[in-house]
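Asks: The opening position of the sequence shown corresponds to residue 311 in this note's numbering, with each subsequent residue numbered one higher.
From the three backbone atoms N, C-alpha and C, an ideal C-beta is built for every residue, glycine too.
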Amino acid sequence: MAANYVRNIFINCPFDEAYAPLLRAIVFAVVDCGFSPRCALERSDASEIRIQKIYRIIEECGLGVHDLSRTQLDVRTKLPRFNMPLELGIFLGAKFLGGGQQEKKACLVFDEQPYRYQMYLSDVAGQDIAWHGNNPKDLICRLRDWLASVAHDHLPSGSIVWDHYETFQGELRERCARHRQRLEELTSNDLLRHITTFRRGYVEKLVIAGNAPILNPSAAELRRAVKSVKITDPDPFIVLDKGANGFTYIQAIMKTASFWIVEYQDGHLDQHFEATKKLRTDKVLQLFMPYLNGEMKWRETAKWKRIEI
311 MAANYVRNIF INCPFDEAYA PLLRAIVFAV VDCGFSPRCA LERSDASEIR
361 IQKIYRIIEE CGLGVHDLSR TQLDVRTKLP RFNMPLELGI FLGAKFLGGG
411 QQEKKACLVF DEQPYRYQMY LSDVAGQDIA WHGNNPKDLI CRLRDWLASV
461 AHDHLPSGSI VWDHYETFQG ELRERCARHR QRLEELTSND LLRHITTFRR
511 GYVEKLVIAG NAPILNPSAA ELRRAVKSVK ITDPDPFIVL DKGANGFTYI
561 QAIMKTASFW IVEYQDGHLD QHFEATKKLR TDKVLQLFMP YLNGEMKWRE
611 TAKWKRIEI
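1) For E413, count neighbouring C-beta atoms within 10 Å of its own C-beta (all shown protein chains included) and say buried if the count is 16 or more, exposed if not.
2) Quick one: what does DSSP say K515 is sitting in, helix, strand or coil?
3) What residue does the beta strand (DSSP E) around A535 start on, and which one ends it?
4) What residue from L333, I319, V385 and A339 has the CA that sits closest to C371's CA?
5) Hey, could you find the ends of the alpha helix (DSSP H) I450 is sitting in?
6) Tell me whether R488 sits in a helix, a strand or coil according to DSSP, three-state version.
7) For W456, which residues in the same chain have their Cβ closer than 6 Å to its Cβ, ignoring the five residues on either side in sequence?
8) Helix, strand or coil for L573, going by three-state DSSP, please let me know.
9) Mind the definition here: the stretch 338-352 touches the stretch 404-411 only if three or more C-beta pairs lie below 8 Å; say whether that holds.
10) If you check the beta carbons only, do F557 and G520 fall under 9 Å apart?
11) According to DSSP, is K607 part of a helix, a strand, or is it coil?
12) Assess contact between the stretch 554-572 and the stretch 473-484, defined as three or more Cβ pairs (one per stretch) separated by less than 8 Å. Is contact present?
13) Could you pull out every residue in the same chain whose Cβ sits closer than 6 Å to the Cβ of M564, ignoring the five residues on either side in sequence?
14) Closest Cβ-Cβ distance between V341 and chain D: below 9 Å?
15) Whole angstroms are fine: how far does the CA of E618 sit from the CA of D580?
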């Protein structure tokens, strides 16, 4: 039995280019919640028969995520793809026939829309099938909630995992450039390394007027920080930094006793924006608080223009 059996998650989904945004979201959410993603792409070994590799990985995984949403006919062959239903069947067979630890397996099954699966896979009718509508955020939130139900751990809320994912997405292009990689050519292991490195270094930092940073600040600490800055300070600014490499942040510089210049950056130097007009302190808080909480409404609180740095 694999040492990490209860935290290994078998990912059964399409591996084509069109599905890539959803696959990235699944792998990221699994890692962000403290689990280990496993799939058929994790190792290329010509000496190992593919179906035997799938048997082995399923045997080593206590959990599984299965996406049955791609049922349309292949443009080239005019035939549907059966790999995902087949691998779901193998996983369920291992659970009900394997004995021992295998009996403790649990899985989440996704489809594109609710109840659509009843038209092409009626044998799973009666099971609790989730749906994602091809929306990575919905997928991440439903995956997180399922993991919380089977893991008995305190996991970050779905909206927080989504916030982490958006930060990672923003920084991924810079990470690829640093390693001379192209995003569209990343292998499964390339992606996993980037995600693991990002999560290892991720921390939210609040810097006030050049003082030592506050790590993972609370809402109360942020509110006090904004109100503590004075125009007479040597460096009257505040920065809320997310991510692992300093390319994702929002910052405000006090220009008068009541007005600030506010800027943000989304993971890359060419994604740097500035509010089109100076903002009052209460407006700055209306930007920083939702930014801290992983909510997107801060983007609509002000008008922005891209600037070169």
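Replies: A quick look at the data gives this:
1) exposed
2) strand
3) Here A535 belongs to no beta strand (DSSP E); instead the alpha helix (DSSP H) covers A529 to S538.
4) I319
5) P446 to A461
6) helix
7) L418
8) As written in the sequence, residue 573 is Glu, which differs from the Leu given in the question. Residue state, collapsed to three classes: strand.
9) no
10) no
11) coil
12) A contact exists between the stretch 554-572 and the stretch 473-484.
13) V539, I541, P546 and W570
14) This model lacks chain D altogether; it includes just one protein chain.
15) Near 7 Å, if we compare the C-alpha coordinates of E618 and D580.
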